[in-house]
Amino acid sequence: VVTGLFVMALVVSNIVAVKIVGVWDRVFDAGTLLFPLTYLIGDVLTEVYGYRRARTVIWIGFLANLVAVGSIQIAIHLPVADFWAENEAAYETVLGTTWRIFLGSLAAYLVGEFTNSFILAKLKIATRGRWLWTRTISSTIAGEGLDSVIFSSIAFAGTGIDLTNQIVTIWVIKVAWEVAATPLTYAVVNFLKREEGVDVYDFETDFSPLAVGRQPRRRRTGC
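If you use our numbering, the sequence shown corresponds to residues 31 to 253, in order.
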């Protein structure tokens, strides 16, 4: 269920991100309102099941996003039915993407999510499992910060968009989202730890993002 929610939030946020929102003098994509959910779920995964499980889910999300983008691109290039021809331009405008936005999105996602999970796992050891809010917020500040900078820089540098405006805006929204959701994070984490009977500490885990499938040397212990 947790993995399904993570993938759903990732894929849907990337689809709705084509809508650019303007509020007062701030500019951000609509995906900013949903994408932080992936960080909340990532926090839950790492806190309860450990970095290894979170790493696997991050790669599952990456592959799901590739399938979504690839399917949309294939659909765009399929022959158009006569009665649909007048709608084709709108379809391509809304769901099509440039190579810069595509690469920026994937690079930002991987760097941001792995940074978030890594920091949370390390802080859990450092704090001996206490002060969950310090781990979730600190890891989100770093992960979402890198995500915002990488995506905006790759996707929009040189296009005339005010990068500082966009980066700061989406970063603040994402961090504020995490802070506001802290009570929910506590509730879900406590529920899963109690129901699953597991609370993983990554004492000797291999933190390489590419170490998927390797069995880490670690012990499970309570707080």
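The beta-carbon is built from N, C-alpha and C at its ideal position, and this holds for glycine as well.
With distances taken between CB atoms, is the gap from residue i to residue j smaller than 9 Å?
{"i": "I184", "j": "A137", "result": "yes"}
{"i": "I106", "j": "G126", "result": "yes"}
{"i": "I88", "j": "F132", "result": "no"}
{"i": "Q196", "j": "V48", "result": "no"}
{"i": "E226", "j": "Y79", "result": "yes"}
{"i": "A241", "j": "R83", "result": "no"}
{"i": "D229", "j": "G159", "result": "yes"}
{"i": "L162", "j": "T123", "result": "no"}
{"i": "K154", "j": "S178", "result": "no"}
{"i": "A39", "j": "T68", "result": "yes"}
Give me the residue from the options with the minimum Cα distance to residue i.
{"i": "T33", "options": "G72, W54 and H107", "result": "G72"}
{"i": "V37", "options": "R56, K223 and A94", "result": "A94"}
{"i": "E174", "options": "G227, V78, L63 and V42", "result": "L63"}
{"i": "N44", "options": "A98, N195 and Y231", "result": "A98"}
{"i": "I271", "options": "V179, T189, L162 and W201", "result": "The shown model of the chain, from 31 to 253, leaves out residue 271, and the question about it has no answer."}
{"i": "W54", "options": "A217, T199, L240 and I102", "result": "T199"}
{"i": "G188", "options": "A156, R130, V51 and F237", "result": "R130"}
{"i": "I50", "options": "D232, A151, V31 and G61", "result": "G61"}
{"i": "S168", "options": "Y231, F181, S182 and N146", "result": "N146"}
{"i": "Y231", "options": "E77, V46 and V31", "result": "E77"}
Here's the rule I'm using: 16 or more other beta-carbon atoms within 10 Å means buried, otherwise exposed. How should residue i be labelled?
{"i": "D59", "result": "buried"}
{"i": "T166", "result": "buried"}
{"i": "T255", "result": "Nothing can be reported for residue 255, as the shown portion of the chain is limited to 31 through 253."}
{"i": "P66", "result": "buried"}
{"i": "F221", "result": "exposed"}
{"i": "S101", "result": "exposed"}
{"i": "R249", "result": "In this prediction, R249 has a pLDDT of 45, which is less than 50 and means its spatial position is unreliable; what the coordinates show is noted afterwards. So R249 counts as exposed."}
{"i": "F113", "result": "exposed"}
{"i": "A151", "result": "buried"}
{"i": "L96", "result": "exposed"}
{"i": "V31", "result": "exposed"}
Taking only the alpha-carbon atoms, compute the straight-line gap between residue i and residue j and give it to the nearest angstrom.
{"i": "Y254", "j": "V209", "result": "Because the chain spans 31 through 253 in this model, residue 254 falls outside it and cannot be assessed."}
{"i": "T212", "j": "L75", "result": "15 Å"}
{"i": "I149", "j": "L108", "result": "44 Å"}
{"i": "L35", "j": "E118", "result": "31 Å"}
{"i": "T164", "j": "I90", "result": "27 Å"}
{"i": "L70", "j": "L193", "result": "25 Å"}
{"i": "I104", "j": "V218", "result": "38 Å"}
{"i": "S238", "j": "R224", "result": "29 Å"}
{"i": "V41", "j": "A156", "result": "33 Å"}
{"i": "F186", "j": "V110", "result": "30 Å"}
{"i": "I121", "j": "F233", "result": "Checking the displayed sequence, the identity of residue 121 turns out to be Tyr instead of Ile. Answer to the nearest angstrom: the Cα atoms are 49 Å apart."}
{"i": "L176", "j": "W207", "result": "16 Å"}
{"i": "S19", "j": "G52", "result": "Residue 19 lies beyond the stretch modelled for the chain, which goes from 31 to 253, so this question has no answer here."}
{"i": "F92", "j": "I180", "result": "16 Å"}
What residue range does the alpha helix (DSSP H) around residue i cover?
{"i": "V198", "result": "L193 to A210"}
{"i": "E118", "result": "A115 to L125"}
{"i": "D73", "result": "P66 to Y79"}
{"i": "L162", "result": "L162 to F186"}
{"i": "E234", "result": "Segment: none, E234 is in no alpha helix (DSSP H) and carries neither H nor E."}
{"i": "L35", "result": "V32 to V46"}
{"i": "A151", "result": "W129 to A156"}
Tell me which residue opens and which closes the beta strand (DSSP E) that residue i is part of.
{"i": "D59", "result": "R56 to D59"}
{"i": "G52", "result": "I50 to V53"}
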